[in-house]
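Mapping of the sequence shown onto our numbering: residues 4 to 129, in sequence order. Worksheet: one structure, shown below.
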Amino acid sequence: MGAVLIAGCGSGAAPALKAKENGQGFIIAGAQLPNAGEAVTFTFPDDKQGILYRSKLGQSGAVSAVCTHLGCNVEWTEGSPQAAFSCPCHQSQFDLEGKPLSGPAKKPLAHYAATQNGKDVELKLL
Ligand code: FES
4 MGAVLIAGCG
14 SGAAPALKAK
24 ENGQGFIIAG
34 AQLPNAGEAV
44 TFTFPDDKQG
54 ILYRSKLGQS
64 GAVSAVCTHL
74 GCNVEWTEGS
84 PQAAFSCPCH
94 QSQFDLEGKP
104 LSGPAKKPLA
114 HYAATQNGKD
124 VELKLL
């Protein structure tokens, strides 16, 4: 399993998990959906960061971590159904589906359905 939490703008090592395109979306080989309330980071093929998560209530999914305000990486806030992701740069907050709740960001984070398929996780844009 990859690192548990998430770096802000320009800091931290690159996540170990990498997503590859699979025609209908992406596949993260060797990944497992996190436990309730946890998240792991991964990189998309363009090297931008994503977050694979499971809320405290068990809802799993993934979002692009790139804040839609000025591009910092948002952080997981431990599965709260509200304000699930927070941006360290200007404090925008987003819900589990990437919708902006407060702060300067007005556009949603890209949001994906995440499904365990054997040893891989498949992502499909919602
Ligand atoms: S870059 Fe995220 S709130 Fe400004």
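Cβ atoms here follow ideal geometry from the backbone N, Cα and C, with glycine treated the same way.
Beta-bridge annotation (DSSP): F45 is paired with L20, G53. G74 and V66 do not touch by the CB rule: their CB atoms are close to 14 Å apart, not below 8 Å. Taking a contact as a CB-CB distance under 8 Å, the pair G101 and A113 counts as one, their CB atoms being some 7 Å apart. Classified as buried, A42 has 16 or more neighbouring CB atoms from the shown chains inside 10 Å of its CB. By the Cβ neighbour-count rule, G64 is buried, with 16 or more other Cβ atoms within 10 Å of its own. The alpha carbon of A68 has as its nearest neighbour, out of F97, E81, T118, P37, the alpha carbon of F97. Counting along the chain, the unbroken beta strand (DSSP E) around D123 starts and ends at 123 to 128.
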